[in-house]
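Line by line, the protein sequences give chains A, B, C, D, E, F, G, H, I and J.
Start counting the first sequence at 1; every next residue gets the next number (this note's numbering).
Start counting the second sequence at 166; every next residue gets the next number (this note's numbering).
Start counting the third sequence at 331; every next residue gets the next number (this note's numbering).
Start counting the fourth sequence at 496; every next residue gets the next number (this note's numbering).
Start counting the fifth sequence at 661; every next residue gets the next number (this note's numbering).
Start counting the sixth sequence at 826; every next residue gets the next number (this note's numbering).
Start counting the seventh sequence at 991; every next residue gets the next number (this note's numbering).
Start counting the eighth sequence at 1156; every next residue gets the next number (this note's numbering).
Start counting the ninth sequence at 1321; every next residue gets the next number (this note's numbering).
Start counting the tenth sequence at 1486; every next residue gets the next number (this note's numbering).
Think of the CB as a built atom: it goes at the ideal place given N, C-alpha and C, for glycine as much as any other residue.
Number of protein chains: 10
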Amino acid sequence: MANLNLATLDTSEHPNLPTSSAVLFRAKADKQYSFEKIASEIGRNEVATAAIFYGQAKASAEDIEKLSKLLDIDHGHLQSLLGGFPDRGKSVSLPPKDPLIYRLYEIVQNYGYAYKAVMNEKFGDGIMSAISFSTKVEKETDKDGNNWAVVTWRGKWYILHLELD
Amino acid sequence: MANLNLATLDTSEHPNLPTSSAVLFRAKADKQYSFEKIASEIGRNEVATAAIFYGQAKASAEDIEKLSKLLDIDHGHLQSLLGGFPDRGKSVSLPPKDPLIYRLYEIVQNYGYAYKAVMNEKFGDGIMSAISFSTKVEKETDKDGNNWAVVTWRGKWYILHLELD
Amino acid sequence: MANLNLATLDTSEHPNLPTSSAVLFRAKADKQYSFEKIASEIGRNEVATAAIFYGQAKASAEDIEKLSKLLDIDHGHLQSLLGGFPDRGKSVSLPPKDPLIYRLYEIVQNYGYAYKAVMNEKFGDGIMSAISFSTKVEKETDKDGNNWAVVTWRGKWYILHLELD
Amino acid sequence: MANLNLATLDTSEHPNLPTSSAVLFRAKADKQYSFEKIASEIGRNEVATAAIFYGQAKASAEDIEKLSKLLDIDHGHLQSLLGGFPDRGKSVSLPPKDPLIYRLYEIVQNYGYAYKAVMNEKFGDGIMSAISFSTKVEKETDKDGNNWAVVTWRGKWYILHLELD
Amino acid sequence: MANLNLATLDTSEHPNLPTSSAVLFRAKADKQYSFEKIASEIGRNEVATAAIFYGQAKASAEDIEKLSKLLDIDHGHLQSLLGGFPDRGKSVSLPPKDPLIYRLYEIVQNYGYAYKAVMNEKFGDGIMSAISFSTKVEKETDKDGNNWAVVTWRGKWYILHLELD
Amino acid sequence: MANLNLATLDTSEHPNLPTSSAVLFRAKADKQYSFEKIASEIGRNEVATAAIFYGQAKASAEDIEKLSKLLDIDHGHLQSLLGGFPDRGKSVSLPPKDPLIYRLYEIVQNYGYAYKAVMNEKFGDGIMSAISFSTKVEKETDKDGNNWAVVTWRGKWYILHLELD
Amino acid sequence: MANLNLATLDTSEHPNLPTSSAVLFRAKADKQYSFEKIASEIGRNEVATAAIFYGQAKASAEDIEKLSKLLDIDHGHLQSLLGGFPDRGKSVSLPPKDPLIYRLYEIVQNYGYAYKAVMNEKFGDGIMSAISFSTKVEKETDKDGNNWAVVTWRGKWYILHLELD
Amino acid sequence: MANLNLATLDTSEHPNLPTSSAVLFRAKADKQYSFEKIASEIGRNEVATAAIFYGQAKASAEDIEKLSKLLDIDHGHLQSLLGGFPDRGKSVSLPPKDPLIYRLYEIVQNYGYAYKAVMNEKFGDGIMSAISFSTKVEKETDKDGNNWAVVTWRGKWYILHLELD
Amino acid sequence: MANLNLATLDTSEHPNLPTSSAVLFRAKADKQYSFEKIASEIGRNEVATAAIFYGQAKASAEDIEKLSKLLDIDHGHLQSLLGGFPDRGKSVSLPPKDPLIYRLYEIVQNYGYAYKAVMNEKFGDGIMSAISFSTKVEKETDKDGNNWAVVTWRGKWYILHLELD
Amino acid sequence: MANLNLATLDTSEHPNLPTSSAVLFRAKADKQYSFEKIASEIGRNEVATAAIFYGQAKASAEDIEKLSKLLDIDHGHLQSLLGGFPDRGKSVSLPPKDPLIYRLYEIVQNYGYAYKAVMNEKFGDGIMSAISFSTKVEKETDKDGNNWAVVTWRGKWYILHLELD
């Protein structure tokens, strides 16, 4: 019987994702694989793996080869679909409407200036990079059996310059 | 000589923050205290401390007492300013314009559906709470001397119900 | 003769609902079933049942089995359509244009801060969950024969934390 | 010592509320009264009482008299402030930014069409009035000590006509 | 020869109107009927008739029968298209772009508060219903041969309540 | 005792209305005059009178003289305030938030294309002028004691040209 | 060899123009006719001719006959496509993105109030009609060989009334 | 007696115009001068003169000297107010709300692509400059006594390049 | 093996680009050509070449001939696709969502007024043309092996006029 | 006599810039200094200098000392005004309304994807930093006496990572 707890993609709801998203999610549903499974098979982080599926991260030649084998997708076809460069940021509307994504956004909305103040004092005038950046999601279960999601962001700090060297 | 690396507040730029924000930031500037200093003095997390300053978190009676002493603000006055409930979310425009805050937002925009897919598969149909929630910012320096900001979010997972019990 | 008082779905008007919505509403129209009938057959609340049809609530394995039988939809097909996780919130535009939905929205717009003030004083600094939440719609007829709609929301109260434990 | 759990108003955050809101909330803070107290004194529902404070409901002559006495506000002054007709809906931004109000809004966003479908089938083609309407907030505590907020809406049903009589 | 003064519908311009709109307007064009003709045949007001065509008003069983005969549309097909409940308000963008509709909107934009002030003083605190409502368009020609459009709105007045009975 | 049913203006809520609005409404409140009273005294329609108060209609020299006398406002002062040309349309936000004004707007939103179709067929390709235009609000009470608001719009029809003569 | 300086229409870029636009532009491309040519053949102004092609102006019976002959389009087909009334204003987004159209818009944005002030003083309180209106584009070449575009607008002036006659 | 047909400025309605606008319009009102008068005195076009008053055009040293004398404004003061560079485009909201300005905008909205097509065919791929640009407003009265506003735009044509020379 | 570092186009993500974009990018992918290669073959700048592919720049007859040969696209077909005039500006949303394009935008957002102030003082009151304009992208590698992108804009300066000659 | 070609700041037009902007621009106007002069005195690039004035760049301790001396501003006062961290991006509206800034924006809007494609092929999947970034404006005069503005951007290239190290 089918697993009812796998992330899927319905292109009626996401008409502007790249063609690769439809192909990858279809294969994932056929195989009944979770992102945890796929990530461990291709040796990448789960969030990065899902980001490849949503067209938000670039797959390497090695990723494509592994995904092709794991998901039984023709290698040349997958290569042609994933060969270009991601056009990021289109999948989430502004502000996000889905409750799960909205809450991530709400944290930025509420604590944005608190983060800025603390980071500026800790690191100086600059930004935490969202490019030289990694992230992960972990699950903790406390002693009362409650689950907690732990999200970690790690980004390089860049000082803002504005002078010609 | 004045420290040029302290977060300050200019009410011309933020005319709709609560009155308490102006009072607290003025005192912070007079004392030349960092949020690290204030947080350690009142025994709260740095981000939570900054959130109180921006009117995004409620101060407890104990917080008010400690802030009043630490910053030389009349206790009754601070109590009356901080006695109500925060009206959150107004300080950050949509989308954020400041580069530091924009990058936090960009992570949600780019990876929102990747987080959703991974979290749904890990925890089921629900959300990571932004209310039963804690966060921190840490600084790491790698072997090449580069600084990295590490942001952690920890929120309780709530399964979505829609039935009367 | 066809019942002219059944909720239907025209995908020209809702091109971005999930595929499952079109399938379920088509079967509902063929069977000429009301949501009251379907809800009582599958043992769920009417609003939750309609929410499943609009892709706003996740159907359980049991829901899928019952819906499949009741509506003569192939079980495997329905399972594959409803197996993923809902991507919520896309069906209603901002602000709502339909007069019925607008009035629900208008109540929040007019009385939002009144609800906040009363709830904060009654429960403290936090929120009424929209996730650990149930709702129902009831019909009352007064002595003059006027009908009244009674909507009930019941959500768990969560206190806002912002500290690492 | 001041009660830290009373709803207050900071006009820096709400510069476009009517003058009466500032006057009423100031007096409420001075008296340290909750809305529960004020509502019971003037014989109105708590939400309606708070709505008067936010300029979203019209006070009757009797309300004004009672509020004037209870809060020690000059009767003529209060009468001139509350004599006009409310200009509703300006206090909540679109979409709401405060987490508590956002969740009320989110319920409408997610379940708007489910409510519409269920109400249309139950009552016919029309709307639940937001004008011939009453509401209340109640607190329930379950056996595990968790608090639940229960919001009730009761609105008259009006059938949509479009014909000259 | 074809009449060049009949309202028609081009679905390229209105992709989100209900399927019934396309069917009804196609038949109207084939028959070369004006709304005046159709309205008088089905015994309804012209604006209400056009509103049915645009999916903004619900057709009764009798309307469907008459439209089916008048326009040679299969009765069962029309019944299935018009059997649900209208999802109103999507056809006009905000603000309206068509000059004719924009001018109707402009009247509300310019005189909205003047109407509110006059109505509030005449009727009290409430609204003119847009639901218990009828409207018509009439043509007058003055002595200089100029045409004038006269639009009438007639809506029930509802006093705003906010108390539980 | 003060009349609690007179339209007033609170400039906190309308900071961008012209200075004349504040002056006229203050005088109206002092005199405790309704728009019906003022309109009959200056010999203009009630809606037009209210439109002058809101800065949406230009007062003639005669209007200014009469308003000055009726409301005890210095004639020169009123003349200098009302001497320019109205800058219309700023008072109503988009879409309107006040429930009374929203319902006027909703009529245009729902029936805009129905009006267009009926008017085009009746008058040809053009518009009903919102400039060569008059309007009124009337009150009807039916045999059951219900009040009905009747709004009339009368605008000249202009055919759309696009050719040099 | 094809003329590379003819205005064409790509429906991928303009999916919501009327069907007639696609038909007319296709025929124009096949014939390799400029708007100057077409306008002179049908005896209308160039801008008006192009406006018919974009669905912004109504073609007369005579226009349709001439266009049908000139462009070899079946007369009955063209008549059915152009028989209704234009639904204007959808082709240009807000603000315009194309640089040529943006600059027209920018003139209104920068000098809108200057035009208003000058026109009000010259003509009184009213508007220049965009309906009883004609326009043309002319080309001038100065002595240095520079080209200048000269756009003329000629609109009737209507005084704003607001009184019942 | 004061002229009731002079353009004035109320800074409540335009809080973000430059300080010079308030000073110039105040002096204009005191002198009771029309823009026609001022323009002819300073030797500039009426629209350009009004544009200086609204902060949309830069005054030359000679303009400042003449305006200072004509309007009795201290020369040094006017020079300091007008010495910088205009920050254009803020006075008109998007889309314009005032009916007069809206109609100018509507012409661009309706005929934007018609202008583009005609201009592209006449001049090639480029734009009519809004910078190397002049404009005027003229009044015509036809034989029936109707007034017509004639607006002329004259802009240099620039071909779009995209190559390094 | 396919090159994974070539820019490609997925029309699901860009449904409103011109048909020519799909044709050109398909041929580019088939040939596995970079823009550097194509630009050098047709003798144009890389950015201008890419702009032709995205429908943002007009191809000359010579460009079309060269592209047709280089990419094996039927000359007549390419000529008919590229024969019209570009309808620019639709490909980038506002604000840009893709991180690379957002950063270009951010530079304008942050330093827009700094550029204006410096340019105005250097050149007078006017603009740097975006039409009489060229641009290029260069790659520099510093001694530490870091790559730097250098973008150059060169636009003619036009003084703003507003007078008839 | 005053220089009419210096950039100035009118706080009516920019009410939300930091207090330091008003102070610095006031002193600049008093001294009648250009940014070229100030930049050369403090040893920074002109654009960076202007960015400090607009609150978009952080001044170093040395900058503050030099600005204080050069502009006769009290050192302690300037230090307290400039001691915090810039809150960037608020000065430019979206899209920019001023013609000069709009054209910078238009370049990004038109050529954004062309830049992305060229940069991705040249540098890989990543971004040109707007933080590790410098910029300058230069003036060129060609042999015909035309002025050209040359803007250079130089930003470090960062490859997008998404993996934990």
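### Per-residue DSSP class, three states only, for D/T647
strand
### Within chain A, the residues that J/D1610 reaches when beta carbons sit closer than 8 Å
Those within 8 Å of J/D1610 in chain A are K58, F85, P86.
### Stretch-stretch touch, CB-based, cutoff 8 Å, three pairs: the segment 437–447 of chain C with the segment 583–595 of chain D
The segment 437–447 of chain C is in contact with the segment 583–595 of chain D.
### Message
Contact between the segment 1010–1018 of chain G and the segment 974–987 of chain F is defined here as three or more beta-carbon pairs at a separation below 8 Å; is this criterion met?
### Response
no
### Message
Residues in the same chain with beta-carbon distance under 6 Å from E/K724, minus the five sequence neighbours each way, listed in chain order, please.
### Response
In the sequence as displayed, the identity of residue 724 of chain E is Ile instead of Lys. The answer, listed in chain order, is L738, Q739, L742.
### Query
Going along the chain, which unbroken runs of the beta strand (DSSP E) with 3 or more residues stay wholly within the segment 546–625 of chain D?
none
### Task
Please name the residue in I/G1446, I/N1467, I/A1381, I/K1463 whose C-alpha comes closest to that of I/H1481.
I/G1446
### Below-7 Å beta-carbon distance, E/I702 vs any chain F residue
no
### Query
What span of residues does the alpha helix (DSSP H) with A/S34 cover, start to end?
Element bounds for A/S34: n/a, residue is neither H nor E.
### Cutoff 7 Å: G/D1134 Cβ touching any chain I Cβ
no
### Message
Am I right that B/S258 and J/N1501 are in contact with their C-beta atoms under 8 Å? What's the rounded C-beta distance?
### Response
About 11 Å separates the beta carbons of B/S258 and J/N1501, which is beyond the 8 Å limit, so they are not a contact pair.
### Task
Could you check which residue in C/A389, C/V448, C/L336 has the C-alpha nearest to that of C/K367?
C/L336
### Message
Against chain D, does F/T874 count as a neighbour if the rule is that its beta carbon must be under 7 Å from one of theirs?
### Response
No, its Cβ sits nowhere closer than 7 Å to a Cβ of chain D.
### Query
Touch check for the segment 919–929 of chain F and the segment 941–959 of chain F: three-plus C-beta pairs under 8 Å?
Fewer than three Cβ pairs drawn from the segment 919–929 of chain F and the segment 941–959 of chain F lie within less than 8 Å of each other, which leaves the two stretches out of contact.
### Query
Who are H/F1288's beta bridge partners in DSSP?
DSSP lists H/G1310 as partners of H/F1288.
### Query
Considering only residues of the same chain and omitting the five flanking positions on each side of F/T833, which have a CB-CB separation below 7 Å?
F850, A854.
### Task
Could you list the residues in the segment 1244–1256 of chain H with a C-beta less than 7 Å from some C-beta on chain F, going in chain order?
Sequence-ordered contacts of the segment 1244–1256 of chain H with chain F read K1252, D1253, P1254 [C-beta pairs closer than 7 Å].
### Task
Assign C/E376 to buried or exposed, taking buried as 16 or more other Cβ atoms, counted over all protein chains shown, within 10 Å of its Cβ.
Counting Cβ neighbours within 10 Å, C/E376 comes out buried, since at least 16 surround it.
### Query
Is E/Q692 near the ligand ZN, with its Cβ less than 6 Å from a heavy atom?
Questions concerning the ligand ZN fall outside what the structure shown contains, since it holds no ligand whatsoever.
### Task
Measure the C-alpha to C-alpha separation of F/S865 and F/T874 and round it to an integer number of angstroms.
9 Å
### Query
Any idea if G/G1074 is buried or exposed, counting beta-carbon neighbours within 10 angstroms, 16 or more meaning buried?
buried
### Message
Rounding to the nearest angstrom, what Cα-Cα distance links H/K1271 and H/F1288 in this structure?
### Response
Taking the straight line from one Cα to the other gives about 17 Å.
### Residues near F/N972 by beta carbon distance below 8 Å, same chain, minus five either side
K964, E965, T966
### Query
For chain A, is any of its Cβ atoms less than 7 Å away from the one on C/T338?
Output row for C/T338: interface = no.
### Task
Please list the partners that J/L1647 has in chain A, where partner means a Cβ-to-Cβ separation under 8 Å.
N45, V47, A48, A51, A57, F133, S134, T135
### Query
Out of G/D1062, G/P1008, G/K1126, G/L1060, which has the shortest C-alpha to C-alpha gap to G/F1043?
G/P1008
### Query
Name the residues in the segment 101–120 of chain A whose C-beta lies less than 8 Å from a C-beta of chain D; which are they?
Y102, E106, Q109, N110
### Query
Roughly how many whole angstroms lie between the Cα atoms of F/K856 and F/L895?
9 Å
### Message
Distance cutoff 7 Å, beta carbons only. Does I/S1340 sit that close to anything in chain A?
### Response
no
### Query
Relative to the alpha-carbon of F/M993, which residue among E/V797, E/M788, E/S789, E/I791 has its alpha-carbon at the smallest distance?
The structure shown does not extend to residue 993 of chain F, since chain F is modelled only from 826 through 990, so no value can be given for it.
### Query
Taking I/Y1422 as the reference, which of J/Y1598, J/F1520, J/Y1587, J/V1636 has the closest Cα?
J/Y1598
### Message
On a Cα-Cα basis, can you pick out the residue from C/Q386, C/G385, C/S398, C/I403 that is closest to C/I372?
### Response
C/S398
### Message
Suppose the cutoff is 6 Å on Cβ atoms and the five residues either side in sequence are ignored; what does the same chain contact list for E/A711 look like?
### Response
Once the five neighbours on either side are set aside, the close Cβ partners of E/A711 are A717.
### Message
According to DSSP, simplified to helix, strand and coil, what is C/E343?
### Response
coil
### Message
I'd like to check one pair, I/T1455 with J/T1637: are the Cβ atoms closer than 7 Å?
### Response
Here J/T1637 is not near I/T1455, since their CB atoms are 7 Å or more apart.
#### Entry: CB of D/V613 within 7 Å of CB of C/F365, strictly
Against a cut-off of 7 Å, the Cβ pair of C/F365 and D/V613 comes out as a contact.
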